[in-house]
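Chemist:
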Amino acid sequence: MKALALLVGFFTLSWGALVSGTVYDKSTSKPIADAIVIADNKEYRTDCNGSFIVPSTGIIGVRAIGYDRKFYKSGGKMYLNPFTPKALYLSSFGATSSKIMGNAKNLLQTTEINAFVIDVKMDRGQVAFKTDNPMANKIGAQDLILFKDMKKFVADLHKEGVYVIARIVSFKDTPYVTANPQYGVHTSEGGLFKDKEGLYWIDASRKEPRKYILSIAEEAAAAGFDEIQFDYVRFPDRKGIKFAVENTQAERVKAISGFLEEARRTLLPYNVFLSADIFGYVSWNDADIDIGQRVDALAPYVDYLSPMLYPSGFHMGIPGYPNPVAANYQIVKQSLDQALKKSCTSSKAYRPWLQAFRDYAFDRRIYGEKEIREQIAASEAFGSCGWILWNPRNVYTQQGLK
121 MKALALLVGF FTLSWGALVS GTVYDKSTSK PIADAIVIAD NKEYRTDCNG
171 SFIVPSTGII GVRAIGYDRK FYKSGGKMYL NPFTPKALYL SSFGATSSKI
221 MGNAKNLLQT TEINAFVIDV KMDRGQVAFK TDNPMANKIG AQDLILFKDM
271 KKFVADLHKE GVYVIARIVS FKDTPYVTAN PQYGVHTSEG GLFKDKEGLY
321 WIDASRKEPR KYILSIAEEA AAAGFDEIQF DYVRFPDRKG IKFAVENTQA
371 ERVKAISGFL EEARRTLLPY NVFLSADIFG YVSWNDADID IGQRVDALAP
421 YVDYLSPMLY PSGFHMGIPG YPNPVAANYQ IVKQSLDQAL KKSCTSSKAY
471 RPWLQAFRDY AFDRRIYGEK EIREQIAASE AFGSCGWILW NPRNVYTQQG
521 LK
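Per this note's numbering: the sequence shown = residues 121 to 522.
Laid out in structure tokens, this is it:
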């Protein structure tokens, strides 16, 4: 007891006033180890007994993998609800369409769906809500504003019990590169690189554009989103391109993990969950497959990794299953198993993207009840913290959903 008193005395002298508390699972009243505690814009973790001591700086943010997030005005007993997001992807156009959103809300009321992933910074670089960011206005990223009041939009979804995830397309950004060509990915000949869609990419090794991307993420967090999800957080998968750094695995991985580290630091005050979308085949490779994504390097900086495990995207199949659309369960389960071996985290730190669109690469089969349920069953057998259905047209039905 004397040693504990001396330790507390030391912290009091070093930090000033302190606050202590314990984080509990509200459903079981058991303490939650390794819960995240945000105080004084710094991140702390609970010990094996769910306890913590942090500087007394007012509001304390608390969250944990597999739970919701909360804010408390003081220490003491804190409770988090277990929560497993089961989400639909909605584009900005879909989320603001009365027909598409009406269907999504119907599934929310009649099935296991309880979360939406919604585009905030879109695939073509448009920022879908009104922002005061001078760069966004300067480069034309505000030419199409779909959300007139983002805070109200998110608050209304929260009233309906929806967990709301903001999707931020990070390094694919034609407006930004058009206005700032010096920060774009270039070809070996010196011109700006364009992908198959004719779109420009930000060079992820350049630190200057990060402030712009993260300011959009910060505004989304301030609007009340529960989670910020970074997509296209990678380099283009093309040969014959060059960056501001040498095009090596070490430099590529350093750039992507460095961006996510900065994102985590920037978003600390908001106590939002962070996630990153990764290629499906990244789960199977120790190398970064030339895009800067390596599971072991990214996992420390996000709460959830979301591998895109669409069977149609596994053009080479996986060991023992050359026809991936006939092996939906195996594609999802074995890919997650492989990723977990590399990250050395928890299965709860994964939430995969699943296919809810027609196959385009093999036999053109429609992904209906059987195919969707097989993928969900695999994700749940693995123990992931939920899953996300992807249909680019935002067309979803009850097929495959409980």
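Note that CB positions come from ideal geometry on N, CA and C, so glycine has one too.
Please identify the residue among 422, 151, 456 and 406 whose C-alpha is closest to the C-alpha of residue 429.
Modeler: 456
Chemist: Do you know whose CA, among 404, 215, 194 and 155, lies nearest residue 458's CA?
Modeler: Taking residue 458 as reference, the option from 404, 215, 194 and 155 with the minimal CA-CA separation is 404.
Chemist: How should residue 191 be labelled, buried or exposed, when 16 other C-beta atoms within 10 angstroms of its C-beta is the threshold for buried?
Modeler: exposed
Chemist: For residue 451, which of helix, strand or coil comes out of DSSP?
Modeler: helix
Chemist: Which same chain residues, not among the five before or five after residue 199, have their C-beta less than 8 Å away from its C-beta?
Modeler: 143, 144, 145, 146 and 190
Chemist: Quick one: is residue 264 buried, meaning 16 or more other Cβ sit within 10 Å of its Cβ, or exposed?
Modeler: If you draw a 10 Å sphere on the C-beta of residue 264, you find fewer than 16 other C-beta atoms in it, and that means exposed.
Chemist: Apply the 10 Å Cβ neighbour rule to residue 354 and answer buried if 16 or more other Cβ atoms are within range, or exposed otherwise.
Modeler: With 16 or more other Cβ atoms within 10 Å, it is buried.
Chemist: Report buried or exposed for residue 513, applying the criterion of at least 16 other Cβ atoms within 10 angstroms of its Cβ.
Modeler: Classification of residue 513: exposed, given that the 10 Å Cβ count is below 16.
Chemist: Where DSSP assigns a beta bridge to residue 398, which residues make up the other side?
Modeler: DSSP output for residue 398 lists 427 as bridge partner(s).
Chemist: Roughly how many angstroms separate the alpha carbons of residue 251 and residue 312, rounded to a whole number?
Modeler: 28 Å
Chemist: So, is residue 385 buried or exposed, given that buried needs 16 or more other C-beta atoms within 10 angstroms?
Modeler: Exposed, since its Cβ has fewer than 16 Cβ neighbours within 10 Å.
Chemist: Are the segment 333–344 and the segment 229–248 touching, with three or more C-beta to C-beta distances below 8 Å?
Modeler: yes
Chemist: Can you list, in chain order, the residues of its chain whose CB lies under 7 Å from that of residue 466, leaving out five sequence neighbours each side?
Modeler: 185
Chemist: Pull up the DSSP beta-bridge partners for residue 142, would you.
Modeler: 171 and 197
Chemist: Measure how close the beta-carbons of residue 416 and residue 463 come, nearest whole angstrom, since I'm counting them as under 8 Å.
Modeler: Sure, about 6 Å apart at Cβ, within 8 Å.
Chemist: As a quick exercise: from 510, 516 and 140, pick the residue whose alpha carbon is nearest that of residue 287.
Modeler: The option with the nearest alpha carbon to residue 287 is 510.
Chemist: Quick check on the DSSP output: the alpha helix (DSSP H) that includes residue 379 runs from which residue to which?
Modeler: 369–386
Chemist: Enumerated in chain order, which unbroken segments of the beta strand (DSSP E) with a length of 3 residues or greater are wholly contained in the segment 436–498?
Modeler: As far as the segment 436–498 is concerned, its whole beta strand (DSSP E) runs of at least 3 residues are 473–475.
Chemist: Short of 6 Å in beta carbon distance, which residues of its chain neighbour residue 498, apart from the five on each side in sequence? Order them along the chain.
Modeler: 449, 452 and 453
Chemist: Is the beta carbon of residue 166 less than 8 Å from the beta carbon of residue 157?
Modeler: yes
Chemist: Just to confirm my understanding: we take residue 522, look at its own chain, exclude 5 residues before and 5 after, and list those with CB closer than 8 Å. What are they?
Modeler: 231 and 232
Chemist: Return the first residue and the last residue of the alpha helix (DSSP H) that residue 181 is part of.
Modeler: No alpha helix (DSSP H) contains residue 181, which is instead part of the beta strand (DSSP E) from 180–183.
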